[in-house]
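Read top to bottom, the protein sequences are chains D and B. Number 536 marks the last residue of the first sequence (the working numbering); no jumps. Number 382 marks the last residue of the second sequence (the working numbering); no jumps. Data block below; observations after.
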Amino acid sequence: MDENGISGYVRGMARALATEVSTWPDEDPQLIGSRCGACGATTWPKQDHCPRCSGPDMTELLLPRRGTLVAWTTQGFVPKLPYAGGGTAEGFETFGVGLVQLGDVVRVEARLTENDPAKLRFGMDVELAMVPFYVEDDGTEIITWAFRPVAGEG
Amino acid sequence: MNDVAVIGVGLHPFGRFDGKSAMEMGADAIHAALADAGVRWQDVQFGVGGSYEVSNPDAVTRLVGLTGIPFTNVFNACATAATATQVCADTIRLGKYDIGIAIGIDKHPRGAFTDDPAKLALPAWYAENGQFVTTKFFGMKANRYIHDHGISQATLAKVAAKNFRNGSLNPNAFRRKPIAEEDILASPVLNYPLTQYMFCAPDEGAAAIVMCRGDIAHRYTSKPVFLQATEIRTRRYGAYEVHATFAPVEEDVSPTVYASKAAFEAAGVGPEDVDVIQLQDTDAGAEVIHMAEAGFCADGEQEQLLADGATEIDGPMPVNTDGGLIANGEPIGASGLRQVHELVRQLRGEAGDRQVGGSPRVGFAQVYGAPGTASATILTL
C-alpha cells in the first residue's frame, strides 16, 4: 500500500479513472493541461482549440501539483449514473469538491480528500493526490485524482 | 420594427401529475392562454415550443388543432422558455407574422438533473467522478459568494422561506406550505452551505403566452403588456460556470450580468425602474447572487435587504412573488414562461393574494442554467 492507501500498489492492478488527464503512475504525478501558443490561455484537460482566441496552437502543459482552494462545497448525495462510485445511498460518503488554483496557471474543478466544512478554508494550500475510488468486478482498483490539504493546514 | 405585446397568458399548475402527459398539460396551458387573450387557435399564425423531455412540442397541435401553422421546437436548457419567448417575439418584431404563441412543457423524472456528459462537451470521467451534478456548482458558487460578501447562511434560509410563503399564496405552485427558517437550516446539507429546502426540484407543468403586434393589441385587451426585450447570453472565457472542468485565473462575470445589461439597454429602462422581479432561484444562494448580477443591488447588500424584507411581496423590490422555482419546481421548458405569466398577472393587477402594491409598470425576469447560459426579459405596461 502506498502513501495514499492505494492497495494495488503493484500498479498493474490499479488503473486511473482517466489516463489522459494526469501523468500517474509516474512519481509525483501532475495533471496534464494544454496551453495556447498564441494567447497563453490554459485548459484542463487538454483540448485542440483555444477557448479564448479560438486558435489551433495548443500544446501539452504539465500543471503545478500544488495550489490554493478558490471555492468549495460538499456533495452530500449520491450522484446519478453514470457516477462510478456506487449507485446507492448505503455506503456513500459525502465528498468535498473544489475549484483549485494551480500556481498562477489555471483553476481546476476536482474532488477534495476532505469532506468536513469545518476543516475546509478559502485560500488553503492543497496538493494533488491520487486516491482509491472503487474496485471493479475483476479486482482492478480504480484511482482518481483529488486535492488534499497540505500538512499543517486545516 | 414592430412592438410586441403579450395579450394572453396560460398556466398548467406545476407539480406532480401522475397519469397526465406533458402534452395534455401543454394543451391545457394553450387553452388557458387563448381564453385569456380572447382569440381562437385558428387565429394563431405560428408557434414556438420548448421542452427538455418532449422531443416534439409541436405535436401538441394534435390536441388543440391541426391548422398547418409553422411551429419551431427549441431547447436551451434552463433558458429554453426564454428562447421560446425570444423567437416568438422576434418573429413578430421583424414583421413576419402578427399573432404567435410560445409554449413550454415538461415532465421530469424525480431527482437532480443528469445527462450524458458528452452532450455538454464534457469527458465521460466528469460524470463517473461525481462532478456532473449541477447542485454542487451552485453550492460552490453560493459558498464563495457568501464568504466574499458577508452573507449568512441564515439569510439563505430567509430567501427559501419567503419563496415557500409566496408559493402558499399561489394556487398553481408545487409547494404550498410555508416552511420555517429553522427547519430549512436543519434540513440535510446537500451541497454546503445549501440544505435540501434551499433547492428547487425538477417537476412537471406547462405554460403558454400569446403575443401579437403591439399596434393591434388593443383589439384583444385593454391592458396589453409589452415585451420590451429578451436577451440571451452564454458564458465568456473567464467565467466559472455550471459544468466546467477548469476556469481561467483571470475572472469574468456571469452571463446573467451581460444578458441583464443588454435587456435593460434594449428596453430603455434601468433596474431602478423595475417594480416586480423574477429571478432563477435554483437555490436560495442563486436568488441572492442574481439580485446583484442583474443589477438590483451591490454585492453584499442582500444581507440587509433580506433582513429588511425588501424582497417580500410588500417590499420595495419584490422577488419571486409566485414562489419562484423553490415553490414551483422547475419543468425546464415551462419555467421561464411561468415567470412571464406571473409578471403579466402582476402588471395587470390580477395576482390576487400575492399582488404587489402600488401600480407596477415594469417587470423583469431572469433565468440561468447549464452550461452557463442566462437570459433577461423585460415587460412593461
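Beta carbons are placed, not taken as given, at the ideal position from N, Cα and C, and that holds for glycine.
Within 8 Å of any Cβ in chain B, is that where the Cβ of residue i sits?
i, result
"Glu442 (chain D)", "no"
"Gly536 (chain D)", "Any reading at Gly536 (chain D) must be qualified, since the residue scores a pLDDT of 47, below 50, and its modelled position is unreliable; the value itself is stated next. Closer than 8 Å: no."
"Trp426 (chain D)", "yes"
"Thr522 (chain D)", "no"
"Arg448 (chain D)", "no"
"Pro461 (chain D)", "yes"
"Asp507 (chain D)", "no"
"Gly467 (chain D)", "yes"
"Ala500 (chain D)", "no"
"Leu494 (chain D)", "no"
"Leu510 (chain D)", "no"
"Pro433 (chain D)", "yes"
"Arg489 (chain D)", "yes"
"Val513 (chain D)", "no"
Is the CB of residue i under 8 Å away from at least one CB in chain D?
i, result
"Tyr369 (chain B)", "no"
"Gln132 (chain B)", "yes"
"Tyr238 (chain B)", "yes"
"Pro372 (chain B)", "no"
"Val250 (chain B)", "yes"
"Pro189 (chain B)", "yes"
"Lys1 (chain B)", "Chain B is shown only over 2 to 382; residue 1 (chain B) falls outside these bounds and no answer can be derived."
"Phe247 (chain B)", "yes"
"Tyr98 (chain B)", "no"
"Ala1 (chain B)", "This structure cannot speak to residue 1 (chain B), because chain B is shown only from 2 to 382."
Among the options, whose alpha-carbon lies nearest the alpha-carbon of residue i?
i, options, result
"Gln437 (chain B)", "B:Leu67, B:Val61, B:Gly373, B:Tyr221", "With chain B covering 2 to 382 only, the question about residue 437 (chain B) has no answer from this structure."
"Gly505 (chain D)", "D:Arg493, D:Leu451, D:Trp426", "D:Leu451"
"Ala366 (chain B)", "B:Lys178, B:Thr135, B:Leu380", "B:Leu380"
"Lys163 (chain B)", "B:Phe15, B:Glu288, B:Gly353, B:Ala371", "B:Glu288"
"Pro461 (chain D)", "B:Val55, B:Asp99, B:Asn130, B:Tyr369", "B:Asn130"
"Thr235 (chain B)", "B:Gly27, B:Val45, B:Ala371, B:Asp4", "B:Ala371"
"Ala85 (chain B)", "B:Leu64, B:His109, B:Pro110, B:Asp59", "B:Asp59"
"Met318 (chain B)", "B:Asp274, B:Gln281, B:Arg346, B:His342", "B:Asp274"
"Ala23 (chain B)", "B:Thr136, B:Cys79, B:Gly334", "B:Gly334"
"Asp184 (chain B)", "B:Ala174, B:Gln197, B:Lys21", "B:Gln197"
"Arg362 (chain B)", "B:Gln305, B:Gly353, B:Val270", "B:Val270"
"Ser376 (chain B)", "B:Asp300, B:Ala263, B:Val357, B:Arg346", "B:Ala263"
"Asp507 (chain D)", "D:Val513, D:Gly480, D:Thr456, D:Thr522", "D:Gly480"
"Asp253 (chain B)", "B:Arg237, B:Ser261, B:Asp19", "B:Arg237"
"Val190 (chain B)", "D:Val513, D:Val517, D:Gly478", "D:Gly478"
"Gln356 (chain B)", "B:Gly51, B:Thr322, B:Arg339", "B:Thr322"
"Ser436 (chain D)", "D:Leu463, D:Pro531, D:Ala423", "D:Ala423"
"Gly105 (chain B)", "B:Val49, B:Phe138, B:Thr62", "B:Val49"
So is residue i buried or exposed if we call it buried at 16+ other beta carbons inside 10 Å?
i, result
"Val392 (chain D)", "For Val392 (chain D), the pLDDT reaches just 49, beneath the cut-off of 50, and the residue's location in the model is therefore unreliable, leaving the point undetermined."
"Thr374 (chain B)", "buried"
"Ser561 (chain D)", "Residue 561 (chain D) is absent from the structure shown; chain D starts at 383 and stops at 536."
"His219 (chain B)", "exposed"
"Pro332 (chain B)", "buried"
"Asp430 (chain D)", "exposed"
"Val10 (chain B)", "buried"
"Met2 (chain B)", "exposed"
"Glu491 (chain D)", "buried"
"Glu496 (chain D)", "buried"
"Lys97 (chain B)", "exposed"
"Leu444 (chain D)", "exposed"
"Gly473 (chain D)", "exposed"
"Gln132 (chain B)", "buried"
"Gly353 (chain B)", "exposed"
"Leu95 (chain B)", "exposed"
"Leu463 (chain D)", "exposed"
Can you tell me which residues form a DSSP beta bridge with residue i?
i, result
"Tyr369 (chain B)", "B:Ala375"
"Gln279 (chain B)", "B:Ala366"
"Trp126 (chain B)", "BP columns for Trp126 (chain B) are empty, so no partner."
"Leu380 (chain B)", "B:Leu228, B:Gly364"
"Ser255 (chain B)", "Per DSSP, none; premise fails for Ser255 (chain B)."
"Tyr516 (chain D)", "D:Ile524"
"Cys418 (chain D)", "D:Met440"
"His13 (chain B)", "B:Ala207"
"Phe200 (chain B)", "B:Asp284"
"Leu195 (chain B)", "B:Asn192"
"Ser404 (chain D)", "D:Leu413"
"Asp507 (chain D)", "D:Thr450"
"Phe265 (chain B)", "Answer is none; Phe265 (chain B) lacks a bridge partner."
"Asp107 (chain B)", "B:Gly206"
Say the cut is 7 Å; is the CB of residue i nearer than that to a heavy atom of the ligand ZN?
i, result
"Val270 (chain B)", "Among the components of this structure there are no ligands whatsoever, and the ligand ZN is therefore not found."
If you scan the segment 128-190 of chain B from start to end, which runs of the beta strand (DSSP E) of 3 or more residues do you find wholly inside it?
-> Secondary structure in the segment 128-190 of chain B: no beta strand (DSSP E) run of 3 residues or longer lies completely within the stretch.
Taking only runs that begin and end inside the segment 22-95 of chain B, name each unbroken alpha helix (DSSP H) of 4 or more residues, in chain order.
-> 23-38, 62-65, 81-94
Can you give, in chain order, each stretch of the beta strand (DSSP E) that sits fully within the segment 280-317 of chain B and has at least 3 residues?
-> none
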